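Written as structure tokens, this is what we have:
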């Protein structure tokens, strides 16, 4: 195995907090930042994840956001520090396993082979 196979994973620390409405109590999304959210400057952009959406949106000033339900002001709730670990693993270098394959894999291969033979005939 090469040394590139077992490199150290990349770790990033992210501060995450829910955005809740003062008026109706609805969760309007979550905010992610590289720095602590209570000490983030107002001009520093953060990522906003709205409920039901997969991609985050960059927001220049989260303090100006309003509730999508009632239009009320938002506050940060349930803040936590998350460490994300990204492993860069080259799957092309992985060698095949040794030994006899499990019966379920043998059955799947046999069924695939029979299906291909029946389609070819």
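Residue numbers (this note's numbering): 127 to 247.
Glycine is no exception: its CB is placed at the ideal position from the N, C-alpha and C atoms.
None of the values given here were measured: they were computed from a predicted structure.
Taking the alpha carbon of residue i as the reference point, which residue from the options has its own alpha carbon closest?
i, options, result
"residue 194", "155, 216, 209", "155"
"residue 177", "153, 188, 159", "153"
"residue 140", "133, 158, 151", "158"
"residue 207", "138, 133, 134", "138"
Please state whether DSSP places residue i in a helix, a strand or coil.
i, result
"residue 137", "strand"
"residue 161", "coil"
"residue 176", "coil"
"residue 224", "coil"
"residue 195", "coil"
"residue 240", "helix"
Who does residue i pair with in a DSSP beta bridge?
i, result
"residue 144", "156, 203"
"residue 209", "139"
"residue 184", "173"
Touch check for the region 144–161 and the region 197–213: three-plus C-beta pairs under 8 Å? yes
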